[in-house]
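Student:
There are 2 protein chains.
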Amino acid sequence: MSDRRTDILEAATRVITRRGVRGLRVGELAAEAGVSTSLIYYHFTDRAGILRRTLEFIIARADRYTAERDPAAAPLGPRGDLRQALLLELQDTPEVRENSTAWGELRASAIFEPDLREDLAKATLAWVQETAELIGRASPGGTAPEHAAAAERLTSLLEGLSTRWLSGSIPLEHARRLLGDAIDAELGAARDSAVRVGVAC
Amino acid sequence: MSDRRTDILEAATRVITRRGVRGLRVGELAAEAGVSTSLIYYHFTDRAGILRRTLEFIIARADRYTAERDPAAAPLGPRGDLRQALLLELQDTPEVRENSTAWGELRASAIFEPDLREDLAKATLAWVQETAELIGRASPGGTAPEHAAAAERLTSLLEGLSTRWLSGSIPLEHARRLLGDAIDAELGAARDSAVRVGVAC
DNA sequence: GTCTATAATACGATAGAC
DNA sequence: GTCTATCGTATTATAGAC
């Protein structure tokens, strides 16, 4: 489990959090992981290989902690599940910061490195679909395409807010409030129209 | 107007669009501008100076084209003005692509280079305030803080969608549709509550 | 699998002529 | 102001011992 290869991938995640994907230096990664540079080349062939495997690692880890909600915790209901799933990404803990930073870097790097795009688009799609499902459970009123569109808006907004937070343009609490309100609005809109159809004059 | 200095700044914008802020190489910039590397150092001192001036240049140019609406064009009304101002940033023209790419890079780079944060935060704030004012004109119902929050949500969403577009995760038209719907929802919500207050049972 | 040592080169920056 | 030539170093990557 905790072999050298994994050590290096974890170290790479930390270095990317500190310096960015494009600021990662093999020498600094070696120091962070406590190994020689040549061992890194032995395991990952070249710098591009390091990046590819690290980004896979980050995507896999993000999946894991998203899925890993404490099953013994008080049930939140569909609305609470959605709020928690999204607000989870706006927290100042080392793990979330690492994931958010690395995810943002992955996306920003993909603009200039077409090789990264396919994996990124696949991971994005999976995330949007999971979110759409949570929205569907929280607002049974709408259609599946409406839920998908809402999921795309909320996850895109989350990415935008996360980058603003990490780049020092807004405080974390402010980002959380804006996202929370947007979630309420996406769900409220559906609920309101249901209410209107059922109850209004 | 079109002196060497400006040539270099325009060339730098193109190189950043192609390679990113962190992918900009002084040698490549020199080739793109058709000058020697030392001339670049003569005008901009060092690489950081190149970047600083180029980002100022980009911010100024974005301001200009945002302000530069054809005054002879058919008046759109407040709602149309808002839509146009935001959707303007999601277009596949060289100038918009350059600005969006560079702006995204500026934000992504600021995560790792605190020197960039202040200018970025200032430019972001100005943009949010302009947007809030447009929202205020388009939906006179709400309060100023509500307009500001809506502006932050819409501009953050725009940044998120723009990055998704540029990184190849969604097609441009799709991004435009999602943003357009979000604008309608932000305005519609205010209008609906006004309508509800005035008219509902 | 892991290291030390080093090759090869890319890159930022400067010197000095015109 | 602009160029050619070059320096010094940071960085990727490899050779070869253990």
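Top line first, the protein sequences correspond to chains S and W.
First residue of the first sequence? That's 57 in our numbering, and the numbers climb one at a time after it.
First residue of the second sequence? That's 57 in our numbering, and the numbers climb one at a time after it.
All C-beta atoms in this analysis are idealised placements derived from N, C-alpha and C, irrespective of residue type, glycine included.
Are any of the Cβ atoms in chain W nearer than 8 Å to that of residue 148 of chain S?
Tutor: No, residue 148 of chain S lies away from the interface with chain W (no Cβ there is under 8 Å from its Cβ).
Student: When you compare the stretch 208 to 221 of chain S with the stretch 231 to 238 of chain W, are there three or more beta-carbon pairs, one atom per stretch, that lie closer than 8 Å?
Tutor: Yes: at least three Cβ pairs fall under 8 Å.
Student: For the candidate residues S/218, S/180 and S/131, whose alpha-carbon lies nearest to that of residue 145 of chain S?
Tutor: Residue 145 of chain S has its Cα closest to that of S/218, out of S/218, S/180 and S/131.
Student: Please report the straight-line C-alpha distance between residue 110 of chain S and residue 66 of chain S, rounded to a whole angstrom.
Tutor: About 8 Å.
Student: For a contact defined as C-beta to C-beta under 7 Å, what are the partners of residue 190 of chain S on chain W?
Tutor: Correct list: empty, because the minimum Cβ distance to chain W is about 18 Å.
Student: Could you tell me the alpha carbon to alpha carbon distance between residue 196 of chain W and residue 142 of chain W, rounded to whole angstroms?
Tutor: Answer to the nearest angstrom: the Cα atoms are 19 Å apart.
Student: By alpha-carbon positions, which one of S/139, S/105 and S/155 ends up nearest to residue 120 of chain S?
Tutor: Checking every option, the nearest Cα to that of residue 120 of chain S belongs to S/155.
Student: Using a C-beta to C-beta distance shorter than 8 Å, which residues of chain W count as neighbours of residue 157 of chain S?
Tutor: Neighbours of residue 157 of chain S on chain W, chain order: 167.
Student: Mind pulling the chain W residues with CB within less than 8 Å of residue 85 of chain S?
Tutor: Those within 8 Å of residue 85 of chain S in chain W number zero; the least Cβ separation is about 15 Å.
Student: Given a cut-off of 8 Å on the beta-carbon distance, is the pair residue 117 of chain S and residue 91 of chain S in contact?
Tutor: Result no, Cβ atoms of residue 117 of chain S and residue 91 of chain S do not sit closer than 8 Å.
Student: Kindly indicate if chain S contains any beta-carbon less than 8 Å away from that of residue 224 of chain W.
Tutor: It does: the Cβ of residue 224 of chain W has a partner Cβ on chain S nearer than 8 Å.
Student: Only counting the same chain, and skipping five residues up and downstream in sequence, which positions put a Cβ closer than 6 Å to that of residue 115 of chain S?
Tutor: Result list for residue 115 of chain S: 179, in chain order.
Student: Looking only at its own chain, which residues have a Cβ that is under 8 Å from the Cβ of residue 192 of chain W, when we skip the five neighbours before and after it?
Tutor: Same-chain partners within the cutoff: 198, 200 and 203.
Student: CA-CA distance, residue 63 of chain S and residue 153 of chain S?
Tutor: Going from the Cα of residue 63 of chain S to the Cα of residue 153 of chain S covers about 19 Å.
Student: Mapping the DSSP letters down to three states, classify residue 100 of chain W as helix, strand or coil.
Tutor: Correct three-state label for residue 100 of chain W: helix.
Student: Taking the alpha helix (DSSP H) that residue 187 of chain S belongs to, which residues open and close that run?
Tutor: Residues 173 to 194.
Student: Which whole-angstrom value describes the C-beta separation of residue 223 of chain W and residue 181 of chain S, a residue pair presumed to lie in contact below a C-beta threshold of 8 Å?
Tutor: About 13 Å; that fails the 8 Å criterion.
Student: Taking the alpha-carbon positions, what's the residue 98 of chain S to residue 107 of chain S distance?
Tutor: Rounded to whole angstroms, residue 98 of chain S to residue 107 of chain S spans 14 Å at the Cα level.
Student: Which residues in chain W sit within 8 Å of residue 236 of chain S, going by Cβ to Cβ distance?
Tutor: The contacting residues do not exist; residue 236 of chain S stays about 11 Å from chain W at best.
Student: At a Cβ cut of 7 Å, what residues of the stretch 203 to 221 of chain W count as close to chain S, listed as they run along the chain?
Tutor: Listed in sequence order: 205, 208, 209, 212, 213, 215, 216, 217, 219 and 220.
Student: With a threshold of 7 Å on Cβ separation, who are the neighbours of residue 76 of chain S within its own chain once the five nearest residues in sequence on each side are excluded?
Tutor: If we look at residue 76 of chain S and ignore the five residues flanking it on each side, its Cβ neighbours are 161.
Student: Enumerated in chain order, which unbroken segments of the beta strand (DSSP E) with a length of 3 residues or greater are wholly contained in the stretch 99 to 130 of chain W?
Tutor: Fully enclosed beta strand (DSSP E) runs of 3 or longer: not present.
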